[in-house]
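Student: For the sequence shown, my numbering gives the first residue as 12, with consecutive numbering after it.
Where a beta carbon is used, it is the ideal one built from N, C-alpha and C, also for glycine.
Here the structure is a predicted model, which is why all the values come from computation and not from measurement.
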Amino acid sequence: MNGCRKIAAAGILCLWAFSFPLSASSFALRGMDKGSRVPDYEFVGVSAGGGKLSSFAGEKGLVVIYWATWSSRSPDVLLFAEKELRRYEKMGVKFLAVNADHQEMKAEHMAEVKSAVAKLGLSFPVVLDAGLKVYNEIGVISVPTTIVLDNALKIIDAYPGFPSAARDDIPDRIDAFLGIVKEKRAEKAQYLLDRKPKNYALQYYNLGKRLFLSARSSSGDLKGIPEAALERLDEAIRRDPDYFRPYLLKAIVLDLAKSNGRREAAIRELGKRDFQEAYERRMLGFGYLYLGMDNQAADCFRLLSSQVSGDPGALFGEAAAAARRKEGQAAKRALSELAKIPGAKESLGFDYASLFTDSGELAKGTEKALRAALDRLLEIEKPGVR
12 MNGCRKIAAA GILCLWAFSF PLSASSFALR GMDKGSRVPD YEFVGVSAGG GKLSSFAGEK
72 GLVVIYWATW SSRSPDVLLF AEKELRRYEK MGVKFLAVNA DHQEMKAEHM AEVKSAVAKL
132 GLSFPVVLDA GLKVYNEIGV ISVPTTIVLD NALKIIDAYP GFPSAARDDI PDRIDAFLGI
192 VKEKRAEKAQ YLLDRKPKNY ALQYYNLGKR LFLSARSSSG DLKGIPEAAL ERLDEAIRRD
252 PDYFRPYLLK AIVLDLAKSN GRREAAIREL GKRDFQEAYE RRMLGFGYLY LGMDNQAADC
312 FRLLSSQVSG DPGALFGEAA AAARRKEGQA AKRALSELAK IPGAKESLGF DYASLFTDSG
372 ELAKGTEKAL RAALDRLLEI EKPGVR
């Protein structure tokens, strides 16, 4: 369950990285917040014996890594823990990998897990979350997820996925837990910028986008399916399967064209990918809002805010998703944090406050304005249409 949640641009986008406290709605777990105590669950052993969660903790605490064999990022985070993070063991922090492959684990599934553990050469304990009981109760959204617990099993932090920034971010969060004072590292811009696609995929994406925009009416609608645009987007995907934008735009084009069957197929294709970078989650969140998939959008923005705090786009997205889901208090919290950011309105390019009521609902008659705002954020505005 990756990307934002696996259920199932020409321009470069930069995320803001201010340091405002994260709201509860921004935490990487859906079922628990920072400071919550995790029950002393029992786990089934894979690489060694099982036992209660507390039996795996060190003197200071425990780092729990939820992973799965079907998750393309899981081997990276497990090897990173094995080779780089185990230095924290001498400081009293132990490590535990919890497999979440399937709710019902058959013999062949267990064999796959054991084979993966052996291939990776993991020397710290690996256990199984039987029936995904703990996974569901604590509300894991992204796989992998790294959870830092103290020795009383209180949640200190949780980090979703394993994007590029994780190799710095995860150690930073463990250091903060242990009280290790480090010189504040400069933001690494490459973590916050759109990746450069391979094999001329960007050119095909841009051509597909231009053909799509020319096919839109003056009101921004589509009266038919712009097959030429879709052909270019498919070619962009073929040239670089790891480039997220053509997948998303393809789903949006088919949504606007009201081609429901092909829209659903495009969404399934998007959902199979493992997009976890901050800029990917940001744009996917806007895209899911555009498609009316508000639960998926909410997960994207929750995970993004767990990685990068104080981004105006993420906070706006959180507010919009919460308002659509009738969660007024959550929308108000996100809007309150957004209002603290100097220049947020200018960064977004529209008056976000006018879209919401004081109670955190979407104001009446603003759906068209919200769609226009998402057009802008997704960089798919038709020139001259606002």
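Beta strand (DSSP E) containing valine 104: first to last residue?
Tutor: Its beta strand (DSSP E) spans residues 104 to 110.
Student: So, at 6 Å on beta carbons, what are the nonlocal neighbours of aspartate 305 in its own chain, with the 5 sequence-adjacent residues on each side left out?
Tutor: Closer than 6 Å at Cβ, skipping near neighbours: Ala332, Arg335 and Arg336.
Student: Near glycine 371, what residues of its chain come up, given a Cβ to Cβ distance below 8 Å and the 5 sequence neighbours on each side ignored?
Tutor: Excluding residues within five positions, the ones whose Cβ falls inside 8 Å are Ala330, Ala333, Ala334, Glu338, Gly339, Gln340, Ala341, Ala342, Lys343 and Leu346.
Student: Taking all protein chains shown into account, decide if leucine 265 is buried (16 or more other Cβ within 10 angstroms of its Cβ) or exposed.
Tutor: Buried, since its Cβ has 16 or more Cβ neighbours within 10 Å.
Student: With a 10 Å radius around its C-beta and 16 neighbouring C-beta atoms as the bar for buried, classify alanine 129 as buried or exposed.
Tutor: With fewer than 16 Cβ atoms within 10 Å of its Cβ, alanine 129 is classed as exposed.
Student: Based on Cα-Cα distance, which residue from Gln287, Pro208 and Leu260 lies nearest to leucine 10?
Tutor: Residue numbering for the chain in the displayed model covers 12 to 397; residue 10 lies beyond these limits and cannot be assessed.
Student: Skipping 5 residues on each side, what residues in its chain have a beta carbon closer than 8 Å to that of leucine 349?
Tutor: Result list for leucine 349: Pro323, Leu326, Phe327, Ala330, Ala355 and Tyr363, in chain order.
Student: Of the residues Ile248, Ser270, Asp161 and Gly61, which one's Cα is nearest the Cα of lysine 234?
Tutor: Selected option, being the one with the closest Cα: Ser270.
Student: Taking the beta strand (DSSP E) that phenylalanine 188 belongs to, which residues open and close that run?
Tutor: Segment 177 to 189 is the alpha helix (DSSP H) holding phenylalanine 188; no beta strand (DSSP E) there.
Student: Starting from the C-beta of leucine 131, find all residues in its chain whose C-beta is less than 8 Å away, skip the five residues before and the five after it, and write them out in chain order.
Tutor: Contacts found: Pro86, Leu89, Leu90 and Glu93.
Student: Quick check on the DSSP output: the alpha helix (DSSP H) that includes proline 171 runs from which residue to which?
Tutor: Per DSSP, proline 171 belongs to no alpha helix (DSSP H); it is in the beta strand (DSSP E), 166 to 171.
Student: Using the C-alpha atoms, what's the distance from aspartate 140 back to glutamate 115?
Tutor: C-alpha separation (whole angstroms): 10 Å.
Student: Which residues in the same chain as leucine 373 place their Cβ atom closer than 8 Å to its Cβ, once the five residues preceding and following it in sequence are excluded?
Tutor: Counting only Cβ-Cβ distances below 8 Å, and skipping sequence neighbours, we find Ala331, Ala334, Arg335, Leu366, Phe367 and Leu381.
Student: Using only alpha-carbon positions, find the residue among Tyr52, Glu53, Asp51 and Asp386 that is nearest to leucine 224.
Tutor: Checked all of Tyr52, Glu53, Asp51 and Asp386; the closest Cα to leucine 224 is Asp386.
Student: Can you give me the start and stop residues for the alpha helix (DSSP H) that phenylalanine 54 sits inside?
Tutor: Taken as a continuous stretch (DSSP letters only), phenylalanine 54 belongs to no alpha helix (DSSP H), being part of the beta strand (DSSP E) at 53 to 56.
Student: Apply the 10 Å Cβ neighbour rule to glycine 142 and answer buried if 16 or more other Cβ atoms are within range, or exposed otherwise.
Tutor: So glycine 142 ends up on the exposed side.
Student: Quick check on the burial criterion: 16 or more other C-beta atoms within 10 angstroms. Buried or exposed for glycine 172?
Tutor: Flag for glycine 172 reads buried.
Student: Take leucine 133 as the anchor and find which of Ile191, Ala309 and Val109 has the nearest alpha-carbon.
Tutor: Taking only the C-alpha atoms, the option nearest leucine 133 is Val109.
Student: Please classify aspartate 266: does DSSP put it in a helix, a strand, or coil?
Tutor: Helix.
Student: Restricting to runs no shorter than 4 residues, where is the alpha helix (DSSP H) found entirely within the stretch 313 to 349?
Tutor: For the stretch 313 to 349, whole alpha helix (DSSP H) runs of length 4 or above, ordered along the chain, are 323 to 335.
Student: Please classify valine 192 as buried or exposed, where buried requires at least 16 neighbouring CB atoms within 10 angstroms.
Tutor: Under this definition valine 192 is an exposed residue.
Student: State whether the stretch 293 to 307 contacts the stretch 153 to 166, with contact taken as three or more CB pairs (one from each stretch) at a distance under 8 Å.
Tutor: No: the two stretches stay apart, fewer than three of their Cβ pairs being nearer than 8 Å.
Student: Applying the 10 Å Cβ sphere with the 16-neighbour rule, what's the burial state of lysine 317?
Tutor: Reading off the sequence shown, one finds serine at residue 317, where the question assumed lysine. So serine 317 ends up on the buried side.
Student: Would a C-beta distance cut-off of 8 Å place arginine 184 and aspartate 161 closer than the cut-off?
Tutor: No, the pair does not count as a contact, with Cβ atoms beyond the cut-off.
Student: Report all residues from its chain with a CB closer than 7 Å to the CB of glutamate 392; omit the five preceding and five following residues, and keep chain order.
Tutor: Around glutamate 392: Asp386.
Student: Under DSSP, the beta strand (DSSP E) around glycine 376 begins and ends at which residues?
Tutor: Neither: glycine 376 is in no beta strand (DSSP E) and is coded neither H nor E.
Student: Please report the Cβ distance between arginine 402 and glutamine 287, rounded to the nearest whole angstrom; I am assuming they are in contact, meaning their Cβ atoms lie under 8 Å.
Tutor: Because the chain in this structure spans residues 12 to 397, residue 402 falls outside the shown range and cannot be described.
Student: For glutamate 100, which residues in the same chain have their Cβ closer than 6 Å to its Cβ, ignoring the five residues on either side in sequence?
Tutor: Nothing listed; no residue qualifies.
Student: Where do the N-terminal and C-terminal ends of the alpha helix (DSSP H) with arginine 124 fall, by residue?
Tutor: Looking at the sequence itself, residue 124 is valine, so the reference to arginine does not match. Unbroken alpha helix (DSSP H) run through valine 124: 118 to 131.
Student: Let me confirm a value: lysine 400 is counted as buried when at least 16 other C-beta atoms fall within 10 Å, else exposed. Which label applies?
Tutor: Residue numbering for the chain in the displayed model covers 12 to 397; residue 400 lies beyond these limits and cannot be assessed.
Student: What separation, rounded to the nearest whole angstrom, lies between the Cα atoms of glycine 69 and glycine 321?
Tutor: Whole-angstrom Cα-Cα distance: 33 Å.
Student: Whose CA, out of Leu388, Pro394 and Arg313, lies closest to the CA of phenylalanine 38?
Tutor: Ranking the options by Cα distance to phenylalanine 38, first place goes to Arg313.
Student: If contacts are defined as beta-carbon pairs under 8 Å, then lysine 125 and leucine 73 qualify, I think. What distance do you get, rounded to the angstrom?
Tutor: Lysine 125 to leucine 73, Cβ: 22 Å. No contact.
Student: For threonine 157, which beta-bridge partners are listed by DSSP?
Tutor: Paired residues: Ile76 and Tyr170.
Student: I believe glycine 296 touches glutamate 148 by the beta-carbon criterion, under 8 Å. Please report the beta-carbon distance rounded to the nearest angstrom.
Tutor: At roughly 25 Å, the Cβ-Cβ gap does not stay under 8 Å, so glycine 296 and glutamate 148 are not in contact.
Student: Ends of the beta strand (DSSP E) at valine 137?
Tutor: Looking at the DSSP string, the run of the beta strand (DSSP E) that includes valine 137 is 137 to 139.
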